[in-house]
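Here the structure is laid out as structure tokens; the discussion comes afterwards.
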Amino acid sequence: MKFMFSVLLMLFSASSFSQTVIQTYDEARVKYFWNSLYKDGGQTIYCGQDFTDRAGLNIEHIYPASWIAEHFGCYNRDSCPVDAYHFASADLHNLWPSRADINKSRSNHPFGSLPKDTHRVKTDVCDDYEKVGGLVEPRDSVKGDIARTIFYMHLAYGLPLKIDRKKLTQWHDSDPVDQHELDRNKAITKIQKRGNPFICYEDCNGPKPRAIEPR
């Protein structure tokens with residue numbers, strides 16, 4: 148069901164949607180991501196490259212793990228004592244397959260829209276991934292996926308958006324939820340017992356959203 152994020156906010160406690168099933172990122176990576184969610188292969192988030200095995204691939208945090216750690220007052224991701232950090236960094240809704248080189252290029256740079264007259268550097272193998280300076284613009288066909296992931300992390304863990312809300316809303320509207328996103332959300336919900344309400348809205352576990360004017 149399509150709805151405008153510019154006139155809706157999700158008014159729930161973080162515990163309504165945050166996951167507590169997967170304890171650490173390593174558990175997510177080893178047990179669930181490659182061996183369950185993408186056991187039959189898939190497509191990389193930034194390049195749309197089909198894959199059947201994980202060779203040359205990494206796991207990308209759409210909402211960067213370093214931002215999550217910073218929010219919870221941790222400056223060493225490996226030894227952070229805050230449970231909420233580990234649940235957030237392990238949340239499968241935020242984890243997507245990516246080419247290792249593109250994952251490294253994106254790093255923890257924010258997403259945004261590059262000026263149309265900007266000279267954009269593209270590669271032969273990934274002509275839809277564009278980065279200028281410290282700003283990354285993903286391909287149009289996954290802008291909605293990325294926006295809904297960021298909105299989810301903001302809702303579930305109270306993380307700051309760090310990206311313009313209007314821009315994310317535009318991306319959500321221009322790239323609606325597709326069948327792949329629905330199937331992925333269903334698979335993650337089966338594991339974590341919590342869905343992304345920005346994807347399924349009426350069918351997720353947990354309370355439904357209440358429409359209010361944004362602050």
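Under the working numbering, residue 362 is the last one in the sequence shown; the count climbs by one each step, no gaps. C-beta: ideal position from N, C-alpha, C; glycine also. Small disclaimer: the values here were computed from a predicted structure and weren't measured.
In the three-state scheme derived from DSSP, where H, G and I count as helix and E and B as strand, I209 is classed as coil. Note on geometry: alpha-carbon atoms of K337 and E277 lie some 34 Å from one another. The residue from R331, Y304 and R341 with its alpha-carbon nearest to that of G188 is R331. For K251, the enclosing alpha helix (DSSP H) begins and ends at A247 to R253. Sequence-distant partners of T199 (beyond 5 residues in either direction) whose C-beta falls short of 7 Å from its own C-beta, in its chain, are G188. Each of K340, I346, R341 and I335 was checked against the Cα of L242, and the nearest Cα belongs to I335. A distance below 6 Å between beta-carbons, with the five flanking residues on each side excluded, links D275 to the following residues of its chain, in chain order: R286.
Taking a C-beta distance under 9 Å as the contact criterion, H240 and Q170 do not qualify as a contact pair. Under the DSSP assignment, L308 falls outside any beta strand (DSSP E); it carries neither an H nor an E label. Exclusion of the five residues before and after I215 leaves Y232, A235, S236 and L306 as the residues of its chain whose Cβ lies within less than 7 Å of its Cβ. According to the DSSP assignment, L329 belongs to the alpha helix (DSSP H) that extends over Q326 to Q339. DSSP assignment within the segment 186-230 yields the following whole beta strand (DSSP E) runs of 3 residues or more, N-terminal first: 204-208. The beta-carbon separation of T191 and R246, rounded to 6 Å, stays under the 8 Å limit for a contact.
The segment 173-183 makes no contact with the segment 245-261: fewer than 3 CB pairs, one atom from each, lie closer than 8 Å.
By DSSP's assignment, P323 forms no beta bridge with any residue. Around the beta-carbon of Q339, 16 or more other beta-carbon atoms lie within 10 Å, marking it buried. Between C273 and C347, the gap from beta carbon to beta carbon reaches 9 Å or more.
Assignment of beta-bridge partners to L242 by DSSP yields H208. For Y185, the CB contacts under 7 Å within the same chain, skipping 5 residues up- and downstream, are P244 in chain order. Under the criterion of beta carbons closer than 8 Å, P257 and L282 qualify as touching, at roughly 7 Å. Sorting G203, A212 and S288 by C-alpha distance to the C-alpha of Q317 places S288 at the top.
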